[in-house]
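The structure appears right after this line, and notes come after that.
Number of protein chains: 2
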Amino acid sequence: MMTNLFRPVIALIAILVIVPASAQDSDPLPAWNDGPTKQAIVDFVVKVTEPESGDYVPPQDRVATFDNDGTLWLEQPMYVQLAFALDRVKELAPEHPEWKNKQPFKAALDGDMKALAGSGEKGVAELVMATHAGMSPAEFQTIVSDWLATAKDERFERGYTNLVYRPMLELLAYLRSRGFTTYIVSGGGIEFVRNFSGPVYGIPPAQVVGSSIKTKYEDLDGEPTLIRLPEMNFIDDKDGKPIGINQHIGQRPIAAFGNSDGDYQMLDWTTSGEGPRLGLIVHHTDAEREYAYDRDSTFGRLDKALDAAPDKGWIVVDMKNDWKEVFPPKE
Amino acid sequence: MMTNLFRPVIALIAILVIVPASAQDSDPLPAWNDGPTKQAIVDFVVKVTEPESGDYVPPQDRVATFDNDGTLWLEQPMYVQLAFALDRVKELAPEHPEWKNKQPFKAALDGDMKALAGSGEKGVAELVMATHAGMSPAEFQTIVSDWLATAKDERFERGYTNLVYRPMLELLAYLRSRGFTTYIVSGGGIEFVRNFSGPVYGIPPAQVVGSSIKTKYEDLDGEPTLIRLPEMNFIDDKDGKPIGINQHIGQRPIAAFGNSDGDYQMLDWTTSGEGPRLGLIVHHTDAEREYAYDRDSTFGRLDKALDAAPDKGWIVVDMKNDWKEVFPPKE
Numbered sequence: 000m001m002t003n004l005f006r007p008v009i010a011l012i013a014i015l016v017i018v019p020a021s022a023q024d025s026d027p028l029p030a031w032n033d034g035p036t037k038q039a040i041v042d043f044v045v046k047v048t049e050p051e052s053g054d055y056v057p058p059q060d061r062v063a064t065f066d067n068d069g070t071l072w073l074e075q076p077m078y079v080q081l082a083f084a085l086d087r088v089k090e091l092a093p094e095h096p097e098w099k100n101k102q103p104f105k106a107a108l109d110g111d112m113k114a115l116a117g118s119g120e121k122g123v124a125e126l127v128m129a130t131h132a133g134m135s136p137a138e139f140q141t142i143v144s145d146w147l148a149t150a151k152d153e154r155f156e157r158g159y160t161n162l163v164y165r166p167m168l169e170l171l172a173y174l175r176s177r178g179f180t181t182y183i184v185s186g187g188g189i190e191f192v193r194n195f196s197g198p199v200y201g202i203p204p205a206q207v208v209g210s211s212i213k214t215k216y217e218d219l220d221g222e223p224t225l226i227r228l229p230e231m232n233f234i235d236d237k238d239g240k241p242i243g244i245n246q247h248i249g250q251r252p253i254a255a256f257g258n259s260d261g262d263y264q265m266l267d268w269t270t271s272g273e274g275p276r277l278g279l280i281v282h283h284t285d286a287e288r289e290y291a292y293d294r295d296s297t298f299g300r301l302d303k304a305l306d307a308a309p310d311k312g313w314i315v316v317d318m319k320n321d322w323k324e325v326f327p328p329k330e
Numbered sequence: 000m001m002t003n004l005f006r007p008v009i010a011l012i013a014i015l016v017i018v019p020a021s022a023q024d025s026d027p028l029p030a031w032n033d034g035p036t037k038q039a040i041v042d043f044v045v046k047v048t049e050p051e052s053g054d055y056v057p058p059q060d061r062v063a064t065f066d067n068d069g070t071l072w073l074e075q076p077m078y079v080q081l082a083f084a085l086d087r088v089k090e091l092a093p094e095h096p097e098w099k100n101k102q103p104f105k106a107a108l109d110g111d112m113k114a115l116a117g118s119g120e121k122g123v124a125e126l127v128m129a130t131h132a133g134m135s136p137a138e139f140q141t142i143v144s145d146w147l148a149t150a151k152d153e154r155f156e157r158g159y160t161n162l163v164y165r166p167m168l169e170l171l172a173y174l175r176s177r178g179f180t181t182y183i184v185s186g187g188g189i190e191f192v193r194n195f196s197g198p199v200y201g202i203p204p205a206q207v208v209g210s211s212i213k214t215k216y217e218d219l220d221g222e223p224t225l226i227r228l229p230e231m232n233f234i235d236d237k238d239g240k241p242i243g244i245n246q247h248i249g250q251r252p253i254a255a256f257g258n259s260d261g262d263y264q265m266l267d268w269t270t271s272g273e274g275p276r277l278g279l280i281v282h283h284t285d286a287e288r289e290y291a292y293d294r295d296s297t298f299g300r301l302d303k304a305l306d307a308a309p310d311k312g313w314i315v316v317d318m319k320n321d322w323k324e325v326f327p328p329k330e
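Protein chains in written order, with this note's numbering: chain Z, 0 to 330; chain G, 0 to 330.
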């Protein structure tokens with residue numbers, strides 16, 4: 000009697016089990032062209048997620064880290080956060096008349112990119128301190144949100160959060176659908192990236208690792224407040240990436256995704272671990288649909304990591320040939 | 000035909016839906032005695048999780064932070080991590096003959112707790128540097144695991160990971176079952192706590208915030224390695240707790256749980272936010288089953304936060320009367 004009663008239930012359960020299985024067979028990465036790159040990604044994901052596989056990795060160890068600039072969204076003609084800082088300098092200039100004659104602010108105000116580049120990392124750090132500090136993290140979020148809502152990339156005539164790479168969005172979703180936890184590990188500011196990582200990448204604030212300035216806690220007339228200080232706390236680039244990952248995540252990733260020499264150490268540390276590992280470099284080879292740059296680029300220089308890739312077994316994505324689409328379609 | 004076929008399925012679905020509902024009605028906190036404390040916790044959880052409630056908080060904002068020492072496990076007669084450091088000093092002493100005549104090492108070797116307390120925070124920091132640095136994070140994890148597997152608390156004759164508070168384990172599980180993400184925010188070492196937070200509290204390494212020493216990245220003959228350095232990086236106590244939460248989690252918690260003045264700022268920052276908030280202090284009032292201490296204690300001093308609790312609306316748990324059980328039962 001019970002058996003008969005539950006036969007349809009068993010049939011339904013069978014259907015429920017079959018549905019995800021057939022969904023698995025459909026293409027999880029439609030914006031990627033078929034070929035060895037896509038195949039290598041899928042092969043890795045399949046082998047670490049199939050319990051019968053000798054390379055099975057339990058879900059709690061499926062940690063994947065993604066660089067942001069040039070890996071998840073565009074970084075030319077300059078880092079988006081630098082464009083933000085330059086706009087902030089212009090906005091704050093009336094309160095700082097001295098900036099007219101003081102580098103790197105003068106270069107920022109004049110749009111003199113050559114002089115700005117000449118001011119080096121120190122100059123950029125000065126710009127960041129002057130434009131990113133002196134407010135609470137919540138106030139900073141409002142400033143970033145307001146800017147991202149209106150700022151547009153000149154060449155593509157689109158807001159920056161639309162200039163994210165569709166194939167990488169698919170890859171993030173594909174990995175998560177297979178039990179991975181996805182993190183951003185960016186040389187950019189942790190609070191800047193957190194502003195859009197949720198809605199744009201599906202990555203919550205706690206899963207963003209990045210560079211940071213110091214923060215101070217204050218009790219302002221009984222109102223506890225955090226204030227962002229003009230003092231560097233941590234630079235999440237090069238050596239800083241594995242250090243930041245260890246500090247923040249506390250586990251070595253099994254997969255890492257980058258596009259520049261700033262990602263070398265993250266890729267190397269990730270793929271040097273025992274068991275199955277995936278390292279992937281997005282090589283910008285598509286001047287027509289996006290940009291073509293590597294060894295000589297000011298932003299996102301890719302040289303040492305490109306040379307090391309074959310030996311290290313890192314996949315190099317040829318954007319021009321491996322990506323069917325680059326950006327999400329215009330609405 | 001279809002309708003008939005699926006009627007049992009619908010019945011089954013109904014059962015499946017009803018089961019969790021009736022589980023909700025059963026007591027989620029059986030190790031807590033009924034009374035205003037338990038009721039206040041349940042009322043808070045119900046109001047922030049019921050979609051019809053005016054105080055509803057979406058799951059992504061249900062962030063709850065827990066202090067560790069004295070809140071999740073015992074901290075008397077000394078912090079567990081200090082007991083670990085003292086045992087490490089003894090183990091490493093043969094390599095450091097100079098320690099016999101040098102404080103705070105001499106005090107550690109002699110078991111002279113008074114002299115050790117006299118060496119202050121600086122002395123304890125020196126002990127930590129000498130015993131927690133000079134190896135990779137992975138090697139440190141092995142050292143901690145080996146120690147926790149054998150070290151025993153003298154009074155209770157149990158390993159430390161058994162001396163966790165059963166009511167708090169229930170609370171962690173209850174919050175998670177209601178869509179909260181639970182974090183540890185400890186003055187203790189982040190890597191020390193990560194060693195057992197997964198199996199003991201169900202909290203993965205990435206959800207542990209704590210104090211830390213600096214780490215360096217090195218390429219040792221082609222083998223990328225992290226090395227723990229004898230240099231303080233961040234002290235996650237007092238002001239450091241909201242700063243650490245902001246850095247690590249990137250969101251203000253809606254609920255915070257502590258037991259000492261070291262948690263004051265975390266509690267204050269959490270409960271000063273808009274919308275429904277919960278702040279809770281575990282008051283150690285049970286000399287018989289655990290310990291009774293507050294204003295005069297060397298470890299876990301509770302003074303300023305105890306005075307502030309009524310005004311701030313923080314719940315004060317009276318361990319003796321609010322907890323039906325303290326530790327998990329002996330096997």
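The C-beta atom is built at its ideal place from N, Cα and C for all residues, glycine as well.
Identify, in the order they occur along the chain, each residue of the same chain with its Cβ nearer than 8 angstroms to the Cβ of residue i, setting aside the five sequence neighbours on each side.
{"i": "Trp313/Z", "result": "Leu266, Thr270, Gly278, Leu279, Ile280, Ala304 and Ala307"}
{"i": "His332/Z", "result": "No statement about residue 332/Z is possible, as the shown extent of chain Z runs from 0 to 330 and does not include it."}
{"i": "Ser118/Z", "result": "Gln102, Pro103, Ala106 and Glu125"}
{"i": "Asp89/Z", "result": "Residue 89/Z is actually Lys in this sequence, not Asp. So the list reads Ala107 and Leu108, once near-sequence residues are dropped."}
{"i": "Lys323/G", "result": "Pro29, Ala30, Trp31, Asn32 and Pro166"}
{"i": "Ile189/G", "result": "Val207, Val208, Gly209, Ser210, Ser211 and Asp235"}
By a C-beta neighbour count over all protein chains shown, 10 Å radius and 16 as the cutoff for buried, is residue i buried or exposed?
{"i": "Ser185/Z", "result": "buried"}
{"i": "Glu230/Z", "result": "exposed"}
{"i": "Ser25/G", "result": "exposed"}
{"i": "Ile17/Z", "result": "Since pLDDT at Ile17/Z reaches only 43, below the 50 mark, its modelled position is unreliable, and the value read off the structure follows with that caveat. Exposed is the call here."}
{"i": "Val325/G", "result": "buried"}
{"i": "Ala205/Z", "result": "buried"}
{"i": "Gly69/Z", "result": "buried"}
Mind checking if residue i is an interface residue toward chain Z, Cβ cutoff 8 angstroms exclusive?
{"i": "Asn245/G", "result": "yes"}
{"i": "Ser259/G", "result": "no"}
{"i": "Thr297/G", "result": "no"}
{"i": "Tyr290/G", "result": "no"}
{"i": "Ser211/G", "result": "yes"}
{"i": "Val79/G", "result": "no"}
{"i": "Ser271/G", "result": "yes"}
{"i": "Trp268/G", "result": "yes"}
{"i": "Val127/G", "result": "no"}
{"i": "Ile183/G", "result": "no"}
Let me make sure I understand the geometry here. Which of the options has the alpha-carbon closest to that of residue i?
{"i": "Asp238/G", "options": "Lys240/Z, Asp145/Z and Ile226/Z", "result": "Ile226/Z"}
{"i": "Ser296/G", "options": "Asp236/G, Pro76/G and Asp220/G", "result": "Pro76/G"}
{"i": "Thr36/Z", "options": "Val316/Z, Pro327/Z and Glu330/Z", "result": "Val316/Z"}
{"i": "Gly110/Z", "options": "Glu51/Z, His131/Z and Leu81/Z", "result": "Leu81/Z"}
{"i": "Gly187/Z", "options": "Arg251/Z, Ser211/Z and Ile142/Z", "result": "Ser211/Z"}
{"i": "Leu28/G", "options": "Lys213/G, Leu71/G and Ala172/G", "result": "Ala172/G"}
{"i": "Glu125/G", "options": "Met167/G, Ile242/G and Gln102/G", "result": "Gln102/G"}
{"i": "Asp235/Z", "options": "Glu324/G, Lys215/G, Glu169/G and Pro309/G", "result": "Lys215/G"}
{"i": "Ala148/G", "options": "Arg154/G, Phe139/G, Tyr159/G and Glu330/G", "result": "Tyr159/G"}
{"i": "Asp86/G", "options": "Ala150/G, Pro96/G, Pro136/G and Ala39/G", "result": "Ala150/G"}
So, at 7 angstroms on beta carbons, what are the nonlocal neighbours of residue i in its own chain, with the 5 sequence-adjacent residues on each side left out?
{"i": "Glu217/Z", "result": "Thr224 and Ile226"}
{"i": "Ala291/Z", "result": "His283, Thr284 and Asp285"}
{"i": "Ser144/Z", "result": "Asn194"}
{"i": "Pro203/Z", "result": "Gly197"}
{"i": "Ala92/Z", "result": "Trp98 and Leu108"}
Hey, does residue i have any beta-carbon neighbour from chain G nearer than 8 angstroms?
{"i": "Trp322/Z", "result": "no"}
{"i": "Gln250/Z", "result": "yes"}
{"i": "Arg300/Z", "result": "no"}
{"i": "Tyr216/Z", "result": "yes"}
{"i": "Leu305/Z", "result": "no"}
{"i": "Asp368/Z", "result": "What is shown of chain Z runs 0 to 330, which leaves residue 368/Z out entirely."}
{"i": "Phe326/Z", "result": "no"}
Can you list, in chain order, the residues of its chain whose CB lies under 6 angstroms from that of residue i, leaving out five sequence neighbours each side?
{"i": "Phe179/Z", "result": "Arg61 and Ala63"}
{"i": "Phe83/G", "result": "Trp146"}
{"i": "Asp54/G", "result": "Lys46, Val47 and Pro275"}
Tell me, which residues are paired with residue i by DSSP?
{"i": "Gly158/G", "result": "Lys151/G"}
{"i": "His282/Z", "result": "Asp317/Z"}
{"i": "Leu277/Z", "result": "Ala254/Z"}
Report yes if the C-beta of residue i is less than 7 angstroms from at least one heavy atom of the ligand COA; otherwise report no.
{"i": "Val199/G", "result": "This structure lacks the ligand COA; in fact it carries no ligand of any kind."}
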